[in-house]
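Working notes, beginning with the structure itself.
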Amino acid sequence: MAASIGIRVALILPRYTTSLCSNFTSDGQQAIFLLDLPIISLDTTQLKDDIFQSSNYKIPITDVLNLYFQTHCEGNYVSTRNISPQVKNVSCSAPSFNVKFLPANIIHFQLFNPNSSVQLQLPANNFAHQLGEIQNEFKKSYHAELHAALIIYATTICLEVIVVTLAFISFLGMEVVCILGIFSILTTIFLLIGNSITTTLQHQAVTTINQYGNDAGIAGHRGTGLLVLIWTAFGVSCVATGVRGWSALLRKSGEENNEGLDNGRVYIHCVGISENTDTDGPLRLAVRGGKV
């Protein structure tokens, strides 16, 4: 009974893990889909305020640039900024497995629109240099880390599909416990590697943005919602792996107990024998276990 429950749980949990992985690798691809779960956010509201103070002109650039695994989006905050600000007027790049995040190009084009005749007073003399340093770091290593994490997550999803299939086969009674365990452990390991890369990327990118963008009115923020999601997926995967191992041990223990009863001996249990029993008549015997 316990082993059957374990198999059922081990069949359900990988489906949740697959769903979580699919969600956070696809977020941002639609204007209303998981926009609050970016990898990082590049905030330009301070830049806009500084330019307004110096030039008395509200520049039409977006408040925030969000980076996702397969796209990046631009938008404006609905109201005052808070822990989880809502974004409106969102526009996103075409989804691509090889997404490039080039904030200097995006902000420069918005600031120096060819159709605008307004002369802007930038907040820092080295504004272009600072913004360029941020973009160079993305070109140098962050894009590679982003693509590596996406490849690992895609592999994880494929492994989870295999795990779900094997768990279903195991539920039907076929012996695939060993193979199921191997793929289950591989899935958890790949998810751990992908999460570690993503977490490291977030820390490095936000540190770089804040280091070079502080004087330029640009700030970087980590997507804490995404962190919660990816590590929740890892936790679910760990639980599923543990449940599968527990189920396999219960099944193996049950098989060993059955083999222990079948040891070639015959056990005879006499029923109803007492002092007044007539032993000259037929004697009822009950045989349990063993082989005759």
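For the sequence shown, the residue numbers in the numbering used here are 157 to 448. Think of the CB as a built atom: it goes at the ideal place given N, C-alpha and C, for glycine as much as any other residue.
Pick from L306, T343, H303 and Y298 that is closest to V319, judged by C-alpha positions: T343
Can you tell me whether DSSP reads S210 as helix, strand or coil? helix
Rounded to whole angstroms, what is the Cα-Cα separation between W387 and T312? 14 angstroms
Using 8 angstroms as the threshold, is the segment 394-403 in touch with the segment 240-251, meaning 3 or more CB pairs across them? no
Where G376 sits in the DSSP three-state scheme: strand
Using the three-state DSSP reduction, which class does Y423 fall into: helix, strand or coil? With a pLDDT of only 48 at Y423, under the threshold of 50, the placement of this residue in the model should not be trusted; the figure read from the coordinates follows. DSSP places Y423 in strand when its eight states are reduced to three.
Cα-Cα separation, T200 to G376: 9 angstroms
What is the rounded straight-line gap between the Cα of N254 and the Cα of T380? 23 angstroms
Need the endpoints of the alpha helix (DSSP H) that I290 sits in, please. F283 to E293
So, at 6 angstroms on beta carbons, what are the nonlocal neighbours of Q202 in its own chain, with the 5 sequence-adjacent residues on each side left out? G373
Are L315 and P259 closer than 7 angstroms when you measure CB to CB? no
Between G369, V362 and S352, which has its C-alpha nearest V384's C-alpha? S352
Which value, in whole angstroms, describes the spacing of the CA atoms of C394 and D192? 26 angstroms
Report the CB separation of S210 from H228 in whole angstroms; it is logged as a contact under 8 angstroms. Not quite, the Cβ-Cβ distance comes to about 28 angstroms (not below 8 angstroms), so this is no contact.
Coil, strand or helix - V243 by DSSP: strand
Start and end residues, beta strand (DSSP E) containing N113: For residue 113 there is no data in the structure shown, the boundaries of the chain being 157 and 448.
Would a C-beta distance cut-off of 7 angstroms place F390 and L336 closer than the cut-off? no
Report back the beta-carbon spacing between I290 and T364 to the nearest angstrom; my notes put them in contact at under 8 angstroms. 6 angstroms
Please report the residue range of the beta strand (DSSP E) in which L198 lies. I196 to D199
Taking the alpha-carbon of L223 as reference, which of L322, G350, N292 and Y298 has the nearest alpha-carbon? Y298
Grouping DSSP H, G and I as helix and E and B as strand, with all else coil, what is N366? helix
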